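> Can you keep this structure in mind? I'll have questions shortly.
In my numbering, the protein residues as written are 2 to 293.
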């Protein structure tokens, strides 16, 4: 009887392992589905079609090539109006024959960016939507087309096979006053506060990644030996829970994903700090996106 019980238990072990793996794969696939939904959303990255930095004074815009800011051909009137920048304040003035709305209300003239405002409005004209973004001393128009070609032709993102061995425990080496330099694709460098380094072991060797704090999570920008080969050349992003009382968290590289710049030329992505470029190949998460 004891022998039969031992055999039954032995047979159950691989079955439980398979079920656990299936549950884990479902978790990752659900996460990835939400990731795809966010890319395709109206505020996602697939519909971004322009980024135009404003000069001081008047900046004419429209689909005519003679404008200071040229929107995609056929998307708006040839001469749609102008943006006027005065320091950190931006005013929109629409041409008489152009239908532009903010919050559903037609406008001919409106302040669309002010340093004292808590919210930047979204401006709509046909299929186009735009907002103002500020990067250090640069102020620009972030333009979206809700029926963009990139969105219409999007077929998904290739991934490495889901592998639970890339779900790795990490220990934070806290450094509350630490600051790390983060450079973006515009070449702008800012010092950002870091809660510390995340230490983890792969194949018997210890590695570390400097983390940033974002809301209730840790945000990691990293590169590895796959960067520029099978994954995006400028690295990938990863979120993790904040460490528990013992300083432990999980780095699940199956959730490593491409930065916005993999999908559009009009994003201002941060780049991995040099200390976050790993010499090992992280063969998990998203591969490079090849729509370009």
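Yeah, the Cβ is synthetic: ideal placement off N, Cα and C, and Gly gets one too.
It should be emphasised that the depicted structure is a prediction, and the values quoted were computed from it without experimental measurement.
Can you tell which of 29, 210 and 90 has its C-alpha closest to the C-alpha of residue 117?
Translated into the one-based positions of the chain shown, residue 117 becomes position 116. Ranking 29, 210 and 90 by Cα distance to residue 117 puts 90 first.
> Find out if the Cβ-Cβ distance for the pair residue 276, residue 211 is shorter than 8 Å.
For the purposes of this step, residue 276 is identified with residue 275 of the chain shown, where counting begins at 1. For the purposes of this step, residue 211 is identified with residue 210 of the chain shown, where counting begins at 1. Yes, these two residues count as a Cβ contact at 8 Å.
> What would DSSP say about residue 85, mapped onto helix, strand or coil?
In the chain shown, the residue the question calls residue 85 occupies position 84. Strand at residue 85.
> Per the DSSP calculation, residue 209 is bridged to which residue(s)?
Locating residue 209 in the chain shown gives position 208, counting from the first residue. For residue 209, which the question treats as bridged, DSSP gives the partners 200.
> Less than 6 Å between C-beta atoms, sequence neighbours within five positions excluded: which residues of the same chain meet that for residue 110?
Mapped onto the chain shown, residue 110 falls at position 109. The residues are 94.
> What did DSSP end up calling residue 181 once you bin it into helix, strand or coil?
By one-based count along the chain shown, residue 181 stands at place 180. Note: residue 181 maps to strand in three-state DSSP.
> Under 8 Å Cβ to Cβ from residue 143, same chain only, skipping five residues before and after it: list those, please.
Your numbering for residue 143 matches position 142 in the chain shown. Excluding positions up to five away in sequence, the list reads 49, 51, 52, 131, 132, 133, 134 and 267.
> According to DSSP, is residue 46 part of a helix, a strand, or is it coil?
Looking up residue 46 in the chain shown gives position 45. DSSP places residue 46 in coil when its eight states are reduced to three.
> Which residue from 290, 32 and 80 puts its Cα closest to that of residue 154?
For the purposes of this step, residue 154 is identified with residue 153 of the chain shown, where counting begins at 1. When each option's Cα is compared against that of residue 154, the closest is 290.
> What's the C-alpha gap between residue 79 and residue 156?
As a first step, residue 79 must be located in the chain shown, where it is residue number 78. As a first step, residue 156 must be located in the chain shown, where it is residue number 155. Residue 79 and residue 156: Cα-Cα distance of roughly 33 Å.
> Output the distance between the C-alpha atoms of residue 65 and residue 126, rounded to the nearest integer angstrom.
Reading the chain shown from its first residue, position 64 is the one you call residue 65. Reading the chain shown from its first residue, position 125 is the one you call residue 126. One C-alpha to the other measures close to 16 Å.
> Three-state secondary structure (DSSP) at residue 110?
To locate residue 110, count along the chain shown from 1; it is residue 109. Strand.
> How long is the line joining the alpha carbons of residue 18 and residue 122, rounded to whole angstroms?
Here residue 18 refers to the residue found at position 17 of the chain shown. Here residue 122 refers to the residue found at position 121 of the chain shown. Distance between the alpha carbons of residue 18 and residue 122: 51 Å.
> CA-CA distance, residue 258 and residue 102?
Taking the chain shown and counting its residues from 1, the one referred to as residue 258 is at position 257. Taking the chain shown and counting its residues from 1, the one referred to as residue 102 is at position 101. Spanning the two alpha carbons is a distance of roughly 35 Å.
> What is the rounded straight-line gap between the Cα of residue 165 and the Cα of residue 25?
The sequence position of residue 165 within the chain shown is 164, counting from 1. The sequence position of residue 25 within the chain shown is 24, counting from 1. Spanning the two alpha carbons is a distance of roughly 8 Å.
> Grab the span of the beta strand (DSSP E) containing residue 219 for me, first residue to last.
Indexing the chain shown from 1 puts residue 219 at position 218. Residues 218 to 223.
> At what residue ranges does the region 98 to 150 contain a whole run of the beta strand (DSSP E), taking only runs of 3 or more?
Runs found: 110 to 114, 124 to 126, 129 to 136 and 139 to 146.
> For residue 286, count neighbouring C-beta atoms within 10 Å of its own C-beta (all shown protein chains included) and say buried if the count is 16 or more, exposed if not.
The count along the chain shown starts at 1 and reaches residue 286 at position 285. Residue 286 is buried by the Cβ-count criterion.
> How many Å lie between residue 293 and residue 234 at the Cα?
Taking the first residue of the chain shown as 1, we reach residue 293 at position 292. Taking the first residue of the chain shown as 1, we reach residue 234 at position 233. With a pLDDT of 44 at residue 293, under the threshold of 50, the modelled position of that residue is not reliable, and the figure given next carries that caveat. Approximately 13 Å between the Cα atoms of the pair.
> Looking at the structure shown, is residue 259 part of a helix, part of a strand, or coil, going by DSSP?
Along the chain shown, read from residue 1 onward, the residue named residue 259 stands at position 258. If DSSP states are grouped into helix, strand and coil, residue 259 belongs with coil.
> Put residue 57 into one of helix, strand or coil per three-state DSSP.
Sequence index remark: in the chain shown, residue 57 carries index 56 (1-based). Note: residue 57 maps to coil in three-state DSSP.
> Can you give me the C-alpha to C-alpha distance between residue 70 and residue 63, rounded to a whole angstrom?
Position 69 of the chain shown, counted from the first residue, corresponds to residue 70. Position 62 of the chain shown, counted from the first residue, corresponds to residue 63. Straight-line Cα distance between these residues: approximately 7 Å.
> So is residue 246 buried or exposed if we call it buried at 16+ other beta carbons inside 10 Å?
Here residue 246 corresponds to residue number 245 of the chain shown, with the count starting at 1. By the neighbour-count rule (16 or more Cβ atoms within 10 Å), residue 246 is not buried but exposed.
> Can you give me the Cβ contacts of residue 278 inside the same chain, cut-off strictly under 8 Å, excluding the 5 residues immediately before and after it?
Translated into the one-based positions of the chain shown, residue 278 becomes position 277. The residues are 223, 224, 225, 228 and 236.
> Grab me the residues of residue 21's own chain with a C-beta within less than 6 Å of its C-beta, minus the 5 sequence neighbours each way, in chain order.
Stepping through the chain shown from its first residue, residue 21 is reached at position 20. Contacts found: none.
> CB of residue 270 to nearest heavy atom of the ligand PLP: below 7 Å?
Looking for the ligand PLP in the displayed structure turns up nothing, as the structure carries no ligands at all.
> Output needed for residue 218: all residues of its chain with C-beta closer than 7 Å, excluding positions within five of it in sequence on either side, in chain order.
Numbered from its first residue, the chain shown carries residue 218 at position 217. Counting only Cβ-Cβ distances below 7 Å, and skipping sequence neighbours, we find 240, 241, 242 and 243.
> So, are the CB atoms of residue 99 and residue 113 less than 8 Å apart?
For this step, residue 99 is matched to residue 98 along the chain shown. For this step, residue 113 is matched to residue 112 along the chain shown. Result no, Cβ atoms of residue 99 and residue 113 do not sit closer than 8 Å.
> For residue 69, does the three-state DSSP call read helix, strand or coil?
Residue mapping note: residue 69 aligns to position 68 of the chain shown, counting from 1. Here residue 69 sits in coil by DSSP.
> Could you give the DSSP three-state label for residue 76: helix, strand or coil?
Looking up residue 76 in the chain shown gives position 75. Residue 76 falls in the coil class under three-state DSSP.
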